[in-house]
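Engineer: First, the structure itself, so that you have it in front of you.
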Amino acid sequence: MTTASQRTPESPRTGRDTYRYLRAGMAVVIVMLFAAIAIDSLPTDCWQNSISAYYYTAARNVFVATLCCLGILLIVYKGSKDTEDVLLNLAGTLAFIVAFVPIPLPDNTGCQQVLPTADDRSAAISNNVGAVIVALAVAWTITAFVYLVDRESRSETSRWGNGLRAASVLVVAAFIIGFWWFPDEFEATAHWVAAVLIFVIIGAVVFINAYLAGNQDMQDPLKRERYRRVYRVIGWMMVGSVAGAIAMAVIGRLSHPHGDAWNIPIFALETALLLEFALFWTVQSFELWNHADRNTLISRENQETLAPL
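Residues 279 to 587, numbered by this note's numbering, are exactly what the sequence shown covers, in order.
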């Protein structure tokens, strides 16, 4: 019988390499999405009003696959702090809503679009979102069970993280309530609401990383300050892009209250947000190439002085 002392210790590279692939994967799937859009649009110079509108083109499968991949990657990725982890889990969950609730059908078929009937769209939303809700119920049940029976595996939580955890439950509950009791409103707005929330959340994650990077006292000071500034720049770029997207959506809704106002020309804004998202994960990949997370770059003494993230 093999004793504990005879077991081969786990390689320290296992966790580090896994994190490398997770971070790089975020950027790679964005490349896949833009490649599908280019392949669909360049030959005929036919561009949709928004990236979300490519759901109704030949790029549909890649569009849905990209969002599902991002959802899984965001959920699996363990944030350096509890708050970051909670935010990433919520963003990953919302990515499935964006994937499975397409934008409302346009009044007229656009170039290279293949539109389903309204009934087919509603049936697909009911099936796919229903499946997501079932999966969430199973995941939460397993999580609760593991938490109760395996005390040693419990992750350390924080005051801010617990507050956001409660808020996340309310956000997901709101989507579920909308799905069951307000289906028309859900089908009309869930895609954009979830998409905006994702980018707001990722923006917050970027600023959290800027804060943590600035406190990495076990890293070269010049390198530490350089990355802190880069993350702050990316964060403010995302704030500007999200604000622009919200403003355009509101203006479109006010000017066309009964029309296809959500599907307004926001291709450039969506592109900017996705590029900023990919840039954030690319920068993190380089900075933390030899580290699983940021905790290895912050001394225990400095950890105790940080905000309760």
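All residues carry an ideal CB built from backbone N, CA and C; glycine is no exception.
Beta carbon of F558, beta carbon of V484: below 7 Å?
Structural biologist: Numbered from its first residue, the sequence shown carries residue 558 at position 280. Numbered from its first residue, the sequence shown carries residue 484 at position 206. It is a contact, given that the beta carbons lie within the stated cut-off.
Engineer: Using only CA atoms, which one of M516, I486, W458 lies nearest to P586?
Structural biologist: Position 308 of the sequence shown, counted from the first residue, corresponds to residue 586. Residue I486 is the option with its Cα nearest to P586.
Engineer: For D495, verify whether its CB is less than 6 Å away from any heavy atom of the ligand PLP.
Structural biologist: With respect to small molecules bound, the structure shown includes none, and the ligand PLP cannot be examined in it.
Engineer: Who are the near neighbours of C347 in its chain, counting only those whose CB is closer than 6 Å to its CB and skipping five residues on each side?
Structural biologist: Walking along the sequence shown from the start, residue 347 turns up at place 69. Within the same chain, C347 has close Cβ partners V307.
Engineer: Measure the Cβ-Cβ separation of R506 and G492 and say whether it is below 7 Å.
Structural biologist: By one-based count along the sequence shown, residue 506 stands at place 228. By one-based count along the sequence shown, residue 492 stands at place 214. Yes, Cβ-Cβ distance for R506 and G492 is below 7 Å.
Engineer: Return the residue from the list A445, D398, F312 that minimises the CA-CA distance to Y332.
Structural biologist: Here residue 332 corresponds to residue number 54 of the sequence shown, with the count starting at 1. Cα-wise, what sits closest to Y332 is F312.
Engineer: Taking 7 Å as the threshold (C-beta atoms), are M304 and L351 in contact?
Structural biologist: One-based indexing of the sequence shown puts residue 351 at position 73. One-based indexing of the sequence shown puts residue 304 at position 26. Yes. Within cutoff.
Engineer: Just how far apart, CA to CA, sit W438 and V407?
Structural biologist: Locating residue 438 in the sequence shown gives position 160, counting from the first residue. Locating residue 407 in the sequence shown gives position 129, counting from the first residue. Distance between the alpha carbons of W438 and V407: 29 Å.
Engineer: Give me the Cα-Cα distance between F341 and A377, rounded to the nearest whole angstrom.
Structural biologist: Here the question's residue 341 lines up with position 63 in the sequence shown. Here the question's residue 377 lines up with position 99 in the sequence shown. The alpha-carbon atoms of F341 and A377 are separated by roughly 7 Å.
Engineer: According to the neighbour-count rule (16 or more other Cβ atoms, all chains shown, within 10 Å of its Cβ), is Q562 buried or exposed?
Structural biologist: One-based indexing of the sequence shown puts residue 562 at position 284. Looking at its Cβ environment, which holds 16 or more other Cβ atoms inside 10 Å, Q562 is buried.
Engineer: Taking the CB atoms as reference points, tell me whether L368 and G357 lie closer together than 7 Å.
Structural biologist: Numbered from its first residue, the sequence shown carries residue 368 at position 90. Numbered from its first residue, the sequence shown carries residue 357 at position 79. The answer is no: Cβ separation not under 7 Å.
Engineer: For Y509, which residues of its own chain have a beta-carbon under 8 Å away from its beta-carbon, when the five flanking residues on both sides are left out?
Structural biologist: By 1-based counting over the sequence shown, the position of residue 509 is 231. Excluding residues within five positions, the ones whose Cβ falls inside 8 Å are V484, F485, N487, A488, A491, F558, V561.
Engineer: Buried or exposed: L345, going by 16 or more other Cβ atoms within 10 Å of its Cβ?
Structural biologist: Position 67 of the sequence shown, counted from the start, is the residue given in the question as residue 345. By the neighbour-count rule (16 or more Cβ atoms within 10 Å), L345 is buried.
Engineer: Using beta-carbon positions only, say whether I375 and A472 come within less than 7 Å of one another.
Structural biologist: Indexing the sequence shown from 1 puts residue 375 at position 97. Indexing the sequence shown from 1 puts residue 472 at position 194. Cβ distance < 7 Å, so I375 and A472 count as in contact.
Engineer: What are the start and end residues of the alpha helix (DSSP H) that includes N461?
Structural biologist: As a position in the sequence shown, residue 461 is number 183, starting the count at 1. In the sequence on display, residue 461 carries Pro and not Asn. Here the alpha helix (DSSP H) through P461 covers 461-491.
Engineer: Just to check my reading of the structure: E548 and S328 have Cβ atoms closer than 8 Å, yes? What is that Cβ distance to the nearest angstrom?
Structural biologist: As a working mapping, residue 548 is identified with position 270 in the sequence shown. As a working mapping, residue 328 is identified with position 50 in the sequence shown. Between S328 and E548 the Cβ distance is about 6 Å, and since that is below 8 Å, they are a contact.
Engineer: Between the Cα of T292 and those of A525, I480, T583, A570, spot the shortest distance and give me the residue it belongs to.
Structural biologist: Within the sequence shown, the letter at position 14 stands for residue 292. Out of A525, I480, T583, A570, A570 has the C-alpha closest to the C-alpha of T292.
Engineer: Could you pull out every residue in the same chain whose Cβ sits closer than 8 Å to the Cβ of I353, ignoring the five residues on either side in sequence?
Structural biologist: Along the sequence shown, one-based indexing puts residue 353 at 75. Here the set comprises L366, N367, G370, T371.
Engineer: Measuring straight from C-alpha to C-alpha, what distance separates V424 and V447?
Structural biologist: For this step, residue 424 is matched to residue 146 along the sequence shown. For this step, residue 447 is matched to residue 169 along the sequence shown. Distance between the alpha carbons of V424 and V447 is about 19 Å.
Engineer: For E582, which three-state DSSP category applies?
Structural biologist: Indexing the sequence shown from 1 puts residue 582 at position 304. The answer is coil: DSSP assigns E582 none of H, G, I, E or B.
Engineer: Mind listing, in chain order, the continuous alpha helix (DSSP H) runs of no fewer than 4 residues lying wholly within the segment 362-391?
Structural biologist: For the segment 362-391, not a single whole alpha helix (DSSP H) run of length 4 or above is found.
Engineer: Compute the distance between the beta-carbons of Q391 and T335, then report whether it is under 7 Å.
Structural biologist: To locate residue 391, count along the sequence shown from 1; it is residue 113. To locate residue 335, count along the sequence shown from 1; it is residue 57. Cβ distance < 7 Å, so Q391 and T335 count as in contact.
Engineer: If we count the other Cβ atoms within 10 Å of its Cβ and call it buried at 16 or more, is W458 buried or exposed?
Structural biologist: Position 180 of the sequence shown, counting from 1, holds the residue named residue 458. Exposed, since its Cβ has fewer than 16 Cβ neighbours within 10 Å.
Engineer: Measure the CB-CB distance between L300 and V364 and report whether it falls below 7 Å.
Structural biologist: Working through the sequence shown from its first residue, we reach residue 300 at position 22. Working through the sequence shown from its first residue, we reach residue 364 at position 86. Taking 7 Å as the Cβ cut-off, L300 and V364 do not qualify as a contacting pair.
Engineer: Please state whether DSSP places C346 in a helix, a strand or coil.
Structural biologist: On the sequence shown, residue 346 is found 68 positions in, with the first residue counted as 1. C346 falls in the helix class under three-state DSSP.
Engineer: Taking the alpha-carbon of G456 as reference, which of V427, Q497, I411, L553 has the nearest alpha-carbon?
Structural biologist: Position 178 of the sequence shown, counted from the start, is the residue given in the question as residue 456. G456 has its Cα closest to that of I411, out of V427, Q497, I411, L553.
Engineer: For Q326, which of F460, A445, D295, N386 has the nearest alpha-carbon?
Structural biologist: As a working note, residue 326 is residue 48 in the sequence shown. Nearest option by C-alpha distance: N386.
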